[in-house]
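Okay, so here's the structure we're looking at.
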Amino acid sequence: MFSIEEISDMLDEAAAQLPSEVFDKLNGGVSLLPNTVQNNNDPDGGLYTLGEYRYDQMGRYIYIYYGSICAVYPYITADHMRQRLKDLLAHELTHHLESLAGERDLEIQDAIEMDKYLRDKGLR
2 MFSIEEISDM LDEAAAQLPS EVFDKLNGGV SLLPNTVQNN NDPDGGLYTL
52 GEYRYDQMGR YIYIYYGSIC AVYPYITADH MRQRLKDLLA HELTHHLESL
102 AGERDLEIQD AIEMDKYLRD KGLR
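Per this note's numbering, the sequence shown runs over residues 2 to 125.
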């Protein structure tokens, strides 16, 4: 398992590899929080939220949840963790860019995948 400082460094590395333009108007930036966030749709408690994009009266920001990452990836290699964080950041930034463009394609795709997951588990 990685410390929150190690994950923070890896997340910073991932962000540094992206064009600065993708962070335009993300006034709240990207925050790594210690929280473990379980999805309320899964009564078994096995579904975690790794990150989320938010847009509200406070602005636009991305939360990445360290506790959730540790719960989902307890025995991952450093290289694999770097890739997971890069993918996670890209996913949340796609939500940001789509929001700026007035689109919701990824949000809709996420909802479809969640519905399929719940149906496959017999929860819908």
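Glycine included, every Cβ here is placed at the ideal spot set by N, Cα and C.
Check, Outcome
"With burial defined as no fewer than 16 other Cβ atoms inside 10 Å of the residue's Cβ, what is the status of residue 17: buried or exposed?", "exposed"
"My assumption, with CB atoms under 8 Å, is that residue 69 sits in contact with residue 49. Please give the rounded CB distance.", "4 Å"
"Tell me the rounded alpha-carbon separation between residue 62 and residue 85.", "19 Å"
"What residue from 7, 25, 15 has the CA that sits closest to residue 102's CA?", "25"
"Quick one: what's residue 32 bridged to in DSSP?", "64"
"Start and end of the beta strand (DSSP E) containing residue 56?", "52-57"
"With 16 as the cutoff for other CB atoms within 10 Å, does residue 51 come out buried or exposed?", "buried"
"Are the CB atoms of residue 8 and residue 67 nearer to each other than 8 Å?", "yes"
"Just confirm the distance between the C-beta atoms of residue 42 and residue 107, as a whole number of angstroms; I'd bet it's less than 8 Å.", "Not really, about 18 Å apart at Cβ, beyond 8 Å."
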